[in-house]
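So the sequence shown is residues 1 to 225, counted in UniProt numbering.
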Amino acid sequence: MRPGPADGCLRGEPTSGSLHVLDTLVFVTTTQNRVVIAEDEALIRLDLKEMLEEDGYTVVGEAGDGEAAIRLAGEHKPDLVILDIKMPVLDGLSAAERIAADRIAPVVILTAFSQRELVERARDAGAMAYLVKPFSKPDLVPAIEMAVSRYAELAALESEVSDLQERLDTRKVVERAKGLLQSKHGLSEPEAFRWIQKNSMDRRLTMRKVAETVVETLSGDEEEG
């Protein structure tokens, strides 16, 4: 395998169909394809379901409000939850916060609004990605893949390091190493993390140690260049 960071920060204002990775610490991970969707507009919910099913996902629960979404997520333990922000009873941000707190699944937030404040609120609520409506399947699928990948990555760091401060420090150096692997070796962010994780297991070293070696080696290459 060839030997990242998307640092989770947003650059520029969100636009229709645009994907934004949110830098959030969450836990449990999975790579399957069972999804709960929550959208109060029935036609949009139907379109979303069709997009997902066309790409091989299984919609195991549909909700029209945030409370129902939380209940379905708890019942089905899906691999992903997609929430619209503006819903009755309980809004999507509040639902996302509770789902993230329960370590159920990664969350993708949908909204017709593009204010940076909402993006920041989505991040703070525990969402892993934010997608602005209207969007198409080519917009949706990368959002899902990135959310699940980021969720898995953070879960791996969580399982390796129990102390919060040490986990944050580890994450910083892993992000730096990923960025170098991406820029120097053309890896995607998920590929860069998998490379670090695989080398950690193969060499029986912590991911932090592998990441520090990557940073030292590739940063040295930059200085020599």
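Don't be surprised by glycine CBs; every beta carbon is placed ideally from N, CA and C.
May I ask you to list the residues that DSSP assigns as paired with T217? Residue pairing by DSSP places T217 opposite no residue, since no beta bridge is assigned to it.
Please confirm if the segment 201-218 is in contact with the segment 160-179, defined as three or more CB-CB distances below 8 Å between the two stretches. As far as the Cβ criterion goes, the segment 201-218 touches the segment 160-179, which means the pair count is three or higher.
Going by alpha carbons, who is nearest to G61 out of A192, I70, S149? The candidate whose alpha carbon is nearest that of G61 is I70.
Short of 6 Å in beta carbon distance, which residues of its chain neighbour T30, apart from the five on each side in sequence? Order them along the chain. Caution applies to T30, whose pLDDT of 39 falls short of 50 and renders its modelled position unreliable; the model cannot decide the point.
Supposed contact pair M128 and P106 - C-beta distance, whole angstroms, cut 8 Å: At roughly 4 Å, the Cβ-Cβ gap stays under 8 Å, so P106 and M128 are in contact.
Write down every uninterrupted run of the beta strand (DSSP E) in the UniProt domain "Response regulatory" (34-148) whose length is 3 residues or greater and which is fully enclosed by it, in chain order. Runs found: 34-38, 58-63, 80-84, 107-111, 129-132.
Three-state secondary structure (DSSP) at G186? In this structure, G186 counts as coil in the three-state DSSP scheme.
Return helix, strand or coil for G205, following the three-state DSSP convention. Inspection of the sequence shows that residue 205 is occupied by Leu rather than by Gly. In the displayed model, L205 falls within coil according to three-state DSSP, outside both helix and strand.
To the nearest angstrom, report how far apart G66 and D202 are at their CA atoms. Between G66 and D202, the C-alpha separation is close to 43 Å.
Report the rounded CA-to-CA distance for L218 versus E191, giving the unit in angstroms. Rounded to the nearest angstrom, the two C-alpha atoms are 17 Å apart.
I want to know whether the segment 109-120 touches the segment 180-197 - three or more CB-CB distances under 8 Å. Taking a contact to require three or more Cβ pairs closer than 8 Å, the segment 109-120 and the segment 180-197 do not qualify as touching.
Do you know offhand how far T213's Cα is from K198's? The C-alpha of K198 is placed about 14 Å away from the C-alpha of T213.
Rounding to the nearest angstrom, what Cα-Cα distance links E39 and A96 in this structure? Their backbone Cα atoms lie some 13 Å apart in a straight line.
Going by beta-carbon coordinates alone, are I85 and G92 separated by less than 9 Å? Cβ distance < 9 Å, so I85 and G92 count as in contact.
Beta-carbon proximity check, G126 vs I99, cutoff 9 Å: Their beta carbons are under 9 Å apart, which means G126 touches I99 by this criterion.
Supposed contact pair R167 and E158 - C-beta distance, whole angstroms, cut 8 Å: Indeed, because the Cβ distance is near 7 Å, the residues count as touching under 8 Å.
Which term fits V21, buried or exposed, when burial requires 16 or more other beta carbons within 10 angstroms of its beta carbon? Model confidence at V21 stands at a pLDDT of 41, short of 50, so the residue's coordinates are unreliable; what they give is reported in the following sentence. Under this definition V21 is a buried residue.
Candidates S94, P134, V161, L140: closest to residue 243 by CA position: The requested residue 243 does not occur in the structure, where the chain is confined to residues 1 to 225.
Just how far apart, CA to CA, sit V161 and Y130? Answer to the nearest angstrom: the Cα atoms are 27 Å apart.
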